[in-house]
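Peer 1: Following this message is one structure expressed as structure tokens.
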Amino acid sequence: MPLTKISAPKHLPMEKVRALANAVQEARVETCKVPPDDLFQTISRFEADELIMHPSFEGMQRSADACIVEIPLLGGRTDDQKRALYRVACEKAVAVGFRADDLMIALIENSRVDWSLGNGLAYADVAGKA
Amino acid sequence: MPLTKISAPKHLPMEKVRALANAVQEARVETCKVPPDDLFQTISRFEADELIMHPSFEGMQRSADACIVEIPLLGGRTDDQKRALYRVACEKAVAVGFRADDLMIALIENSRVDWSLGNGLAYADVAGKA
Amino acid sequence: MPLTKISAPKHLPMEKVRALANAVQEARVETCKVPPDDLFQTISRFEADELIMHPSFEGMQRSADACIVEIPLLGGRTDDQKRALYRVACEKAVAVGFRADDLMIALIENSRVDWSLGNGLAYADVAGKA
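Chains as they are written, first to last, in my numbering: chain Z, 489 to 618; chain G, 489 to 618; chain H, 489 to 618.
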């Protein structure tokens, strides 16, 4: 139950941004024990002066292609699952043409009663019963 | 003190998206004991390939009109208030023409010192004193 | 390690919105003990009917220029640091032409393992080692 929000520069081709979105989803499935169809993503595009990322903070070397992925998600992943998510998402992003320094990820946790998938029901009350 | 962020497909008429925004606000007022003028919302529009929602996860049956509502809000609502919020928001969304499966909601909680309405003051220091 | 997300009306000149972004960043550096190059911001623009802020909730008097700044950030700032952040950000926003009532801020906290700056590594594992 995450919502993966991708902020990408406008100059990137949509197919490359979609490949990044897929990379993050595949990484979640591989590392966080979520089913593949737990898939909710938004892609927002920004002009160069609307997506500001410091080029070298903490030793990074960012290019103009750098993207930010913000993921509100159901809490419960372990620290090691989060580490694996970052590592695998980065590997898969590199495999589709991104530089390893150009993927920033931020997680925001909430709980099962904080989601409603639809039908006016809390996820806490329906999970696994469909 | 919530910020209701609505992500809607571009093909939906603005009046329908605004009706959804109103539905969510009315549901908050009815179920979460917030005053009607505690009203802060953003509406973001997405192309079909920028707003990705699995069509059937957990038994949902989503159409191309499905929207995501993400609400950073002041913590303190009970689980039952959250359940009521989902139920009433969905009922009101249906009343303005949405399908019940087409409204996904995510809540993200914070605390009173995490908001400033303006004037450089924390909400924790001014709430109810205006 | 924050991501400063600025939601601004489309009618505002970009230079004024960038000045607000700089104001918030400078305020963070001055009040929250973060280095100046810890700089990550997005700027999203909204039509008047897409950015809804109640004009007078809790005694505010908002104009059409009002902006919302939402900041997912690493937890650990004290309440007084947050208060100082609001105060100084507001002062600096006023200095670049905003009204004091036209800057709303919301903070959302997470932890060190919830960020990856890049290279597939958790911030918790690399902070200060670059």
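Cβ atoms here follow ideal geometry from the backbone N, Cα and C, with glycine treated the same way.
Have a look at H:Q569 and Z:V557 and give me their C-alpha separation to the nearest angstrom.
Peer 2: 27 Å
Peer 1: Should the region 558-578 of chain Z be called in touch with the region 542-549 of chain H, which here means at least 3 C-beta pairs below 8 Å?
Peer 2: At 8 Å Cβ cutoff, the stretches do not touch.
Peer 1: How about Z:P543: is its C-beta nearer than 9 Å to some C-beta of chain G?
Peer 2: It does not; no Cβ of chain G falls within 9 Å.
Peer 1: When we look at the beta-carbon of H:A616 and count the other beta-carbons within 10 Å, is it buried (16 or more) or exposed?
Peer 2: Note on residue identity: the sequence assigns Gly, not Ala, to residue 616 of chain H. By the 10 Å Cβ count, H:G616 comes out exposed.
Peer 1: Which parts of the region 561-606 of chain Z are runs of the alpha helix (DSSP H), unbroken and 4 residues or longer, counting only runs that do not cross its ends?
Peer 2: 567-583
Peer 1: What is the DSSP secondary structure of H:R550, counted as helix, strand or coil?
Peer 2: coil
Peer 1: Can you name the residues of chain Z whose CB is closer than 7 Å to the CB of G:E538?
Peer 2: T530, I531
Peer 1: What does G:V601 touch in chain H if you count any residue whose Cβ is under 7 Å from its own?
Peer 2: D567, K570
Peer 1: Straight-line CA distance for G:Y574 to G:V517?
Peer 2: 12 Å
Peer 1: Just to confirm the assignment, what range does the alpha helix (DSSP H) spanning H:L508 have?
Peer 2: Per DSSP, H:L508 is one residue of the alpha helix (DSSP H) stretching across 502-520.
Peer 1: Could you list which residues in chain Z have their beta carbon closer than 7 Å to that of H:I596, in chain order?
Peer 2: I596
Peer 1: Please determine if the region 576-593 of chain Z and the region 605-612 of chain Z are in contact, where contact requires at least 3 C-beta pairs separated by less than 8 Å.
Peer 2: no
Peer 1: Given a cut-off of 9 Å, decide if G:D526 and H:I596 are closer than it, judged by their beta-carbon atoms.
Peer 2: In this structure, G:D526 does not lie closer than 9 Å to H:I596 by Cβ.
Peer 1: On the DSSP bridge assignment, give the partners of G:E558 in chain order.
Peer 2: G:K493, G:A594
Peer 1: Going by other Cβ atoms of all chains shown within 10 Å of its Cβ, with 16 needed for buried, is H:A509 buried or exposed?
Peer 2: The residue is buried, with at least 16 neighbouring Cβ atoms inside 10 Å.
Peer 1: Over the uninterrupted beta strand (DSSP E) stretch that includes G:L539, give me the two end residues.
Peer 2: Unbroken beta strand (DSSP E) run through G:L539: 539-541.
Peer 1: Sort H:K580, H:S599, H:I531, H:D590 by Cα distance to H:I494 and report the nearest one.
Peer 2: It is H:I531 whose Cα lies nearest to the Cα of H:I494.
Peer 1: Can you give me the C-alpha to C-alpha distance between H:M541 and H:R506, rounded to a whole angstrom?
Peer 2: 21 Å
Peer 1: List, in chain order, every chain Z residue whose beta-carbon is nearer than 7 Å to that of G:P548.
Peer 2: The displayed chain sequence assigns Met, not Pro, to residue 548 of chain G. The answer, in chain order, is L605, G606.
Peer 1: Say whether chain G places a C-beta atom closer than 9 Å to the C-beta of H:V584.
Peer 2: no
Peer 1: Quick one: is H:D589 near chain G, going by C-beta distance under 9 Å?
Peer 2: yes
Peer 1: Which whole-angstrom value describes the C-beta separation of H:L491 and Z:A552, a residue pair presumed to lie in contact below a C-beta threshold of 8 Å?
Peer 2: Their Cβ separation, rounded to whole angstroms, is 18 Å, which puts H:L491 and Z:A552 out of contact at 8 Å.
Peer 1: Check whether the Cβ of Z:L527 lies closer than 9 Å to any Cβ atom in chain G.
Peer 2: yes
Peer 1: Tell me the residue span of the alpha helix (DSSP H) that contains H:A536.
Peer 2: Careful: H:A536 lies outside any alpha helix (DSSP H) and carries neither H nor E.
Peer 1: Closer than 8 Å, Cβ to Cβ, to anything on chain G: give me those residues from the region 498-516 of chain Z, in chain order.
Peer 2: M502, R506, A509
Peer 1: Confirm, please, whether the CB-CB distance from H:F534 to H:A496 is below 9 Å.
Peer 2: yes
Peer 1: Whole angstroms are fine: how far does the CA of G:A588 sit from the CA of G:S599?
Peer 2: 31 Å
Peer 1: Verify the CB distance criterion: does G:G616 have a CB-CB separation below 9 Å to chain H?
Peer 2: yes
Peer 1: Taking the CB atoms as reference points, tell me whether G:E503 and G:K580 lie closer together than 9 Å.
Peer 2: no
Peer 1: The alpha helix (DSSP H) with Z:A612 in it runs from where to where?
Peer 2: DSSP places Z:A612 in the uninterrupted alpha helix (DSSP H) bounded by 611-614.
Peer 1: Taking only the alpha-carbon atoms, compute the straight-line gap between Z:D590 and G:P523 and give it to the nearest angstrom.
Peer 2: 43 Å
Peer 1: Tell me G:F528's beta-bridge partners as DSSP assigns them.
Peer 2: H:M541
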